[in-house]
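There are 2 protein chains.
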Amino acid sequence: MNGQKEGLTIKQVAEAAGVARSSVSRAFTRPEMLSPETVKRIREAAEKLGYVPNQTARALSTGRHGNVALIVPDVANPFFPPLIRAAQMEADRSDLCVFLGNSDEDPKQEDKLVGRFTGQVEGLILASSRLSDERIQAHAALRPLVLINRDVEGIPRVLIDSGSGVREAVAHLAEIGHRHIVYVSGPTKSWSNKQRRRAVRMAADVLGLKVDIVAAAVASFEAGREAVGSILVTGATAAIAFDDLTAQGILAGLADRGIRVPEQFGVVGCDDVLGAATYPSLTTVSNRSVEAGKAALSLLLELMQSQSVRDVRYVLDTHLVVRNTTIGHGE
Amino acid sequence: MNGQKEGLTIKQVAEAAGVARSSVSRAFTRPEMLSPETVKRIREAAEKLGYVPNQTARALSTGRHGNVALIVPDVANPFFPPLIRAAQMEADRSDLCVFLGNSDEDPKQEDKLVGRFTGQVEGLILASSRLSDERIQAHAALRPLVLINRDVEGIPRVLIDSGSGVREAVAHLAEIGHRHIVYVSGPTKSWSNKQRRRAVRMAADVLGLKVDIVAAAVASFEAGREAVGSILVTGATAAIAFDDLTAQGILAGLADRGIRVPEQFGVVGCDDVLGAATYPSLTTVSNRSVEAGKAALSLLLELMQSQSVRDVRYVLDTHLVVRNTTIGHGE
DNA sequence: CTGTTAGCGCCTTCAA
DNA sequence: TTGAAGGCGCTAACAG
Numbered sequence: 001m002n003g004q005k006e007g008l009t010i011k012q013v014a015e016a017a018g019v020a021r022s023s024v025s026r027a028f029t030r031p032e033m034l035s036p037e038t039v040k041r042i043r044e045a046a047e048k049l050g051y052v053p054n055q056t057a058r059a060l061s062t063g064r065h066g067n068v069a070l071i072v073p074d075v076a077n078p079f080f081p082p083l084i085r086a087a088q089m090e091a092d093r094s095d096l097c098v099f100l101g102n103s104d105e106d107p108k109q110e111d112k113l114v115g116r117f118t119g120q121v122e123g124l125i126l127a128s129s130r131l132s133d134e135r136i137q138a139h140a141a142l143r144p145l146v147l148i149n150r151d152v153e154g155i156p157r158v159l160i161d162s163g164s165g166v167r168e169a170v171a172h173l174a175e176i177g178h179r180h181i182v183y184v185s186g187p188t189k190s191w192s193n194k195q196r197r198r199a200v201r202m203a204a205d206v207l208g209l210k211v212d213i214v215a216a217a218v219a220s221f222e223a224g225r226e227a228v229g230s231i232l233v234t235g236a237t238a239a240i241a242f243d244d245l246t247a248q249g250i251l252a253g254l255a256d257r258g259i260r261v262p263e264q265f266g267v268v269g270c271d272d273v274l275g276a277a278t279y280p281s282l283t284t285v286s287n288r289s290v291e292a293g294k295a296a297l298s299l300l301l302e303l304m305q306s307q308s309v310r311d312v313r314y315v316l317d318t319h320l321v322v323r324n325t326t327i328g329h330g331e
Numbered sequence: 001m002n003g004q005k006e007g008l009t010i011k012q013v014a015e016a017a018g019v020a021r022s023s024v025s026r027a028f029t030r031p032e033m034l035s036p037e038t039v040k041r042i043r044e045a046a047e048k049l050g051y052v053p054n055q056t057a058r059a060l061s062t063g064r065h066g067n068v069a070l071i072v073p074d075v076a077n078p079f080f081p082p083l084i085r086a087a088q089m090e091a092d093r094s095d096l097c098v099f100l101g102n103s104d105e106d107p108k109q110e111d112k113l114v115g116r117f118t119g120q121v122e123g124l125i126l127a128s129s130r131l132s133d134e135r136i137q138a139h140a141a142l143r144p145l146v147l148i149n150r151d152v153e154g155i156p157r158v159l160i161d162s163g164s165g166v167r168e169a170v171a172h173l174a175e176i177g178h179r180h181i182v183y184v185s186g187p188t189k190s191w192s193n194k195q196r197r198r199a200v201r202m203a204a205d206v207l208g209l210k211v212d213i214v215a216a217a218v219a220s221f222e223a224g225r226e227a228v229g230s231i232l233v234t235g236a237t238a239a240i241a242f243d244d245l246t247a248q249g250i251l252a253g254l255a256d257r258g259i260r261v262p263e264q265f266g267v268v269g270c271d272d273v274l275g276a277a278t279y280p281s282l283t284t285v286s287n288r289s290v291e292a293g294k295a296a297l298s299l300l301l302e303l304m305q306s307q308s309v310r311d312v313r314y315v316l317d318t319h320l321v322v323r324n325t326t327i328g329h330g331e
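So the sequence lines, in the order shown, correspond to chains A and B. Letter by letter, the first sequence follows residues 1 to 331 of the numbering used here. Letter by letter, the second sequence follows residues 1 to 331 of the numbering used here.
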């Protein structure tokens with residue numbers, strides 16, 4: 001079974017089955033146009049020979065390749081793999097092959113990849129694109145194109161709203177008695193960081209909590225650990241970190257000073273990248289990246305079918321996942 | 001710039017430049033066959049029109065697609081993203097597009113993916129393949145094929161030898177005073193698991209350590225946590241886990257029981273998937289997955305060029321990364 | 001150096 | 001329902 005062979009074409013199958021080449025073609029693409037028995041005969045002959053239709057020839061003739069491309073800034077950033085996987089699985093259900101591109105956070109590289117893919121795909125997904133609005137629009141004019149976490153008017157997009165989860169986090173902290181918290185910010189230019197910081201500010205205002213901002217130059221374990229000094233001098237009793245990695249760093253810095261979590265200090269991460277796989281397990285904001293990947297691919301499929309370029313803006317809200325860095329086991 | 005257009009072929013470029021279609025083709029694929037000025041003229045005409053060669057047509061005619069495929073069991077398994085990224089970057093240097101496949105740990109699915117890709121790629125890489133030797137050999141007969149972490153004779157392969165790092169781990173534990181350790185095993189059918197278990201056994205024998213094997217049904221945080229009971233009854237004072245996730249689970253289970261790490265019990269992980277980003281940071285065995293991805297792609301490139309099917313077996317050794325779950329900060 | 005001429009393997013009108 | 005023929009866009013001999 002599945003003994004594919006080289007250089008095997010419809011021609012040999014046609015001869016073996018005693019039909020014309022066009023019938024062989026139809027037996028695979030439009031069996032309803034042929035009598036059931038002819039289809040059967042052809043399929044059997046094909047099977048016996050180990051014939052497999054040549055995708056490339058098919059694509060050249062129809063313009064349909066059955067391929068899509070997904071480009072991300074960094075495959076190794078733990079935020080993306082689940083998203084990639086979800087998109088993959090969804091593509092699989094439609095028998096599509098997916099090209100993966102790694103832009104390395106570089107607009108030039110991303111542009112190059114799009115160009116390289118565009119000739120052999122029916123559509124693309126750009127996740128957290130680093131491209132300018134203009135370039136995105138230019139590419140979208142050529143092929144169906146869906147954006148993830150990038151808000152360009154007129155281009156179908158899937159947005160993860162971390163604001164909703166962050167607001168829940170603030171409410172949760174208020175509820176368990178915190179009156180003064182700090183937000184440990186990430187990259188200042190990041191869209192997500194701005195969104196999160198603003199959400200913390202607004203929610204804290206509404207609930208009458210005092211909030212300070214502490215900057216962690218970059219989003220990393222070490223940055224979080226080093227920020228602990230600044231965090232503690234504010235007098236706050238809990239911190240919401242830009243992401244989980246930073247939060248883990250804060251946990252380490254706290255442990256260095258013998259401060260117990262969650263009894264003496266509460267910590268909340270963002271993106272739920274570690275799951276429950278740390279100890280103590282991190283209270284964090286869910287990321288919905290799986291849904292985002294799946295939704296983006298579904299959207300792309302729709303786009304590919306009906307060329308109508310509707311202006312879709314699909315927003316996924318997030319929620320707080322309470323684990324053990326804000327409330328102890330017993331409560 | 002880069003204003004690609006649909007339905008633009010060599011024909012229009014040929015007319016615009018006043019040459020034959022074959023010259024246009026040559027201007028792009030073999031400029032050295034044309035006079036420099038002709039090349040220039042053609043290229044300018046192409047540029048002005050926004051012409052981009054059609055990859056599909058080219059592939060049909062030459063049999064070369066410029067695509068490769070990489071199939072992994074689970075994109076979201078943190079072991080793979082760095083590997084994928086490395087392969088990607090390497091492919092990029094040769095202007096290759098890479099298809100990514102997720103077999104979902106399922107041989108059938110993997111076989112399906114290979115079949116779907118095989119028609120439009122020049123070669124494939126199978127990472128931790130779940131396929132039978134026979135299927136792998138069948139596929140390798142059709143196209144250049146490189147294996148990662150799978151040892152099939154006659155098929156070029158890149159192997160990460162966790163054995164060397166595991167031996168270092170055992171030596172390290174012996175050196176800091178442990179006399180009785182346990183290996184917490186992962187999936188029994190896994191090649192890596194067998195390799196690691198054997199390495200522990202052998203190294204322990206050589207050093208005169210007592211070693212017990214405790215099975216964690218699957219490799220996961222929860223499995224590790226639940227294994228702690230069985231671990232403790234053996235009387236061992238340290239554990240080497242199949243992977244980092246399991247090790248984290250063990251850490252959690254130990255903490256549940258108030259057992260301090262590393263003072264009362266030592267823990268070593270495998271694969272260095274978390275980096276130093278946990279607290280206490282995990283002593284573990286490096287994974288070399290980046291090198292593996294890069295090497296696999298280089299190997300594939302060689303294979304694709306010289307059809308000589310040499311029996312390459314490229315082994316990457318690993319090393320122990322000592323952090324804080326075996327030795328405290330002070331030492 | 002450059003033009004002419006066949007295909008690559010398949011799909012798809014158009015007739016029969 | 002089936003066959004014949006042309007073409008998708010490009011490359012690769014073969015001439016000139």
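Backbone N, C-alpha and C define an ideal beta-carbon position, used for all residues, glycine too.
Check: Using DSSP with H/G/I as helix, E/B as strand and the rest coil, what is residue 330/A?; Outcome: Unreliable positioning characterises residue 330/A in this predicted model, as indicated by a pLDDT of 39, which lies under 50. The coordinate reading is nonetheless provided below. Residue state, collapsed to three classes: coil.
Check: Classify residue 294/B as helix, strand or coil using the three-state DSSP reduction.; Outcome: helix
Check: Count the other CB atoms within 10 Å of the CB of residue 76/A; is the residue buried (16 or more) or exposed (fewer)?; Outcome: buried
Check: With DSSP collapsed to three states, give me the class of residue 80/A.; Outcome: helix
Check: Could you check if residue 212/B belongs to the surroundings of the ligand MG, using beta carbon to heavy atom distance under 7 angstroms?; Outcome: The ligand MG is not among the ligands present in this structure, which contains no ligands whatsoever.
Check: Compute the Euclidean distance between the alpha carbons of residue 89/A and residue 34/A, then round it to the nearest angstrom.; Outcome: 33 angstroms
Check: According to a CB-to-CB cut-off of less than 7 angstroms, which residues of the region 243-262 of chain A neighbour chain B?; Outcome: 245, 248, 251, 252 and 255
Check: Which residue wins for smallest C-alpha separation from residue 180/A, given the options 221/A, 172/A and 116/A?; Outcome: 172/A
Check: Can you find the residues in the same chain that come closer than 8 angstroms, C-beta to C-beta, to residue 31/B, ignoring five residues on each side of it along the sequence?; Outcome: 39
Check: Under a Cβ-count criterion, where at least 16 other Cβ atoms within 10 Å of its own Cβ denotes burial, should residue 326/B be classed as buried or exposed?; Outcome: buried
Check: Anyone know if the C-beta pair for residue 268/A and residue 82/A falls short of 8 angstroms?; Outcome: no
Check: Is the beta carbon of residue 245/A closer than 8 angstroms to that of residue 288/A?; Outcome: no
Check: What are the uninterrupted segments assigned as alpha helix (DSSP H) that are 4 or more residues long and contained completely in the region 172-254 of chain A, given in chain order?; Outcome: 191-207 and 221-233
Check: Within a Cβ cutoff of 7 angstroms, which residues of the same chain sit near residue 200/B, ignoring the five residues on either side of it in sequence?; Outcome: 166, 170, 183, 211 and 240
Check: Out of curiosity, what's the CA-to-CA distance linking residue 99/B and residue 67/A?; Outcome: 9 angstroms
Check: Which first and last residues belong to the beta strand (DSSP E) in which residue 161/B is found?; Outcome: 157-161
Check: List the DSSP bridge partners of residue 314/A.; Outcome: 158/A
Check: Could you tell me which uninterrupted beta strand (DSSP E) segments, each at least 3 residues in length, are contained entirely in the region 32-91 of chain B, listed from first to last along the chain?; Outcome: 67-72
Check: List, in chain order, every chain A residue whose beta-carbon is nearer than 9 angstroms to that of residue 84/B.; Outcome: 75, 76, 81, 84, 100 and 102
Check: For residue 114/B, I'd like the list of residues in its chain whose CB is within less than 6 angstroms of its CB, leaving aside the five on either flank, ordered along the chain.; Outcome: 139
Check: Figure out for me which residue from 148/B, 18/B and 72/B has the closest Cα to the Cα of residue 105/B.; Outcome: 72/B
Check: Buried or exposed: where does residue 101/A fall if 16 or more other Cβ atoms within 10 Å of its Cβ makes it buried?; Outcome: buried
Check: So for residue 1/B, helix, strand or coil by DSSP?; Outcome: With a pLDDT of only 46 at residue 1/B, under the threshold of 50, the placement of this residue in the model should not be trusted; the figure read from the coordinates follows. Note: residue 1/B maps to coil in three-state DSSP.
Check: Within a Cβ cutoff of 6 angstroms, which residues of the same chain sit near residue 280/A, ignoring the five residues on either side of it in sequence?; Outcome: 324 and 325
Check: Can you name the residues of chain B whose CB is closer than 9 angstroms to the CB of residue 65/A?; Outcome: 56 and 120
Check: Can you tell me where the beta strand (DSSP E) with residue 124/A in it begins and where it stops?; Outcome: 123-127
Check: With 16 other CB atoms within 10 Å as the buried threshold, where does residue 64/A fall?; Outcome: exposed
Check: Can you tell which of 8/B, 29/B and 45/B has the C-alpha that lies nearest to the C-alpha of residue 18/B?; Outcome: 45/B
Check: Contact check, residue 253/A vs residue 228/A under 8 angstroms by CB: the rounded distance?; Outcome: 3 angstroms
Check: What does residue 147/A pair with, by DSSP beta-bridge criteria?; Outcome: 126/A and 157/A
Check: Taking DSSP as the reference, what is the three-state secondary structure of residue 321/B?; Outcome: strand
Check: So what does DSSP say about residue 278/B, is it helix, strand or coil?; Outcome: coil
Check: Between which two residues does the beta strand (DSSP E) containing residue 98/A stretch?; Outcome: 97-102
Check: Can you pull the chain A residues whose beta carbon is under 7 angstroms from the beta carbon of residue 277/B, in chain order?; Outcome: 221, 245 and 248
Check: Between residue 109/A and the rest of its own chain, which residues show a CB-CB distance below 7 angstroms, the 5 nearest in sequence each way excluded?; Outcome: 103
Check: Output, in chain order, the set of chain B residues within a Cβ distance shorter than 7 angstroms of residue 60/A.; Outcome: 56, 57 and 60
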